[in-house]
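A short worksheet on the structure shown next.
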Amino acid sequence: MQNIQKHMRFCSLASGSSGNCYYIEDSGYGILIDAGISTKNIKKRLKDIDVDINRLWGVLVTHNHYDHVASVGTLGEIYCIPIYSTQKILTGINEHHKITQKLYQNKRPINLGEAFQIGSFTITAFKVEHDTPECVGYYIETANSSLFIATDLGQMNDVAANYLTKAQNIVIEANYDEEMLLNGKYPLFLKQRILSNCGHMANHKTAQCLQQYFQAHWKNIFFCHLSKENNCPDAVLTCIKKALGTTPNALPILHVLPRTSAINPIEI
Ligand SMILES: [Zn+2]
Ligand SMILES: [Zn+2]
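Quick note: the sequence shown uses our numbering, first residue 3, plus one each step.
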């Protein structure tokens with residue numbers, strides 16, 4: 003996959019509470035967004051798409067929940083891949099009790115709203131509401147494409163919505179079907195946490211948001227971080243199509259990302 007191609011390529015290696023990891027590539031530069039699965043799995047799933055883990059240019063981290071950072075220390079210190087995130091999130095990673103490999107040399111602190119460059123990517127982090135001290139999404143531009151990614155968020159905010167409307171491609175959370183969650187076996191405190199404005203996005207909330215900010219230039223929408231217990235791809239697509247069905251323009255291509263396996267890379 004590391005040939006020069008015209009468009010950015012996107013590949014989800016894993017998506018959900020058991021681990022998140024997304025790969026993008028442009029003009030021969032490859033980067034990861036989050037590293038919440040084992041290094042072994044990252045290596046293998048990258049190899050399956052002809053990418054050598056040693057050729058990665060960086061990892062962008064969204065927040066310090068374990069399903070996003072499990073392998074970040076190893077990638078940073080053992081594989082010497084620069085790890086980009088806000089200072090608050092980088093500090094949070096090193097304070098995480100489950101992360102034994104801390105980050106020392108390869109931390110790259112970034113500021114919210116300030117664009118920075120990795121190879122041919124221009125990247126801006128923006129804040130989203132989630133139950134960590136800080137959680138960010140990324141707006142990523144290349145010469146021919148752009149991507150909005152927000153994997154864990156309780157609600158949309160104005161700054162994030164601005165990037166959502168600008169982007170040609172979107173990765174956004176569709177975590178749960180509200181009825182499945184309410185009738186499911188999760189304890190009440192957990193249900194309340196998930197339902198709150200700094201928890202996770204329900205299918206109908208994601209649908210509403212896409213309807214509200216709909217753009218005719220959207221090419222692909224990838225739904226990420228589906229709950230194993232409280233969601234299924236059919237529920238996501240039914241809900242989204244119902245909401246976007248009323249929009250006058252042609253629909254973008256809708257993709258539901260699998261929780262524990264990689265997808266075939268898609269040119270975006
Ligand atoms: Zn998560
Ligand atoms: Zn999270």
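Glycine is no exception: its CB is placed at the ideal position from the N, C-alpha and C atoms.
When secondary structure is reduced to three states using DSSP, Ile242 falls in the helix class. Closest option to Asp28, judged by alpha-carbon separation, among Ala16, Lys42, Lys8: Lys8. Excluding five sequence positions before and after Phe150, the CB atoms of its chain that fall closer than 6 Å to its own CB belong to Tyr141, Tyr165, Leu166, Ala169, Ile172, given in chain order.
Residue side-chain check: Asp36 keeps its Cβ at 6 Å or more from all non-hydrogen atoms of ligand 1. Annotation for Arg110: no alpha helix (DSSP H) segment contains it, though the beta strand (DSSP E) segment containing it runs 109-112. Residue Ala16 holds the alpha-carbon nearest to the alpha-carbon of Ala72 among Leu48, Trp59, Leu58, Ala16. Taking every protein chain shown into account, the CB of Asp52 has fewer than 16 other CB atoms within 10 angstroms, so this residue is exposed. Listed by position along the chain, the residues with Cβ atoms less than 6 Å from a non-hydrogen atom of ligand 2 are His65, His67, His132, Asp154. In this structure, Val238 places its C-beta atom within 7 Å of the C-beta atom of Phe225. When DSSP reads this structure, Glu116 sits in no beta bridge, so it has no partner.
In the DSSP assignment, Thr124 falls within the beta strand (DSSP E) that extends over 123-129.
Contact annotation: Lys187 and Glu136 have beta-carbon atoms that are not nearer than 7 Å. In the structure shown, Glu231 adopts coil according to DSSP, grouped into three states. Apart from sequence neighbours up to five positions away, the residues of its chain that approach Ala209 with a beta-carbon distance below 6 Å are Cys241, Ile242, Ala245, ordered along the chain. For Ala16, the enclosing beta strand (DSSP E) stretches over residues 11-16. Straight through space, the alpha carbons of Ser229 and Met182 are spaced by roughly 10 Å.
Arg11 and Ala218 have their C-alpha atoms roughly 21 Å apart.
The way I'd put it, the segment 41-58 doesn't touch the segment 87-107; fewer than three beta-carbon pairs between them come closer than 8 Å. Not one heavy atom of ligand 1 falls within 6 Å of the beta-carbon of Asp50.
Uninterrupted alpha helix (DSSP H) stretches at least 4 residues long and entirely within the segment 130-208 occur at 160-168, 180-185, 190-197, given in chain order. For Leu58, the uninterrupted beta strand (DSSP E) run begins and ends at 58-62, by DSSP. Using a 10 angstroms sphere on the CB of Ala145, the tally of other CB atoms stays under 16, which defines it as exposed.
When rounded, the separation of the alpha-carbon atoms in Leu58 and Cys82 is 9 Å.
The Cβ neighbour count for Glu116, taken over all protein chains shown within 10 Å, is under 16; the residue is labelled exposed.
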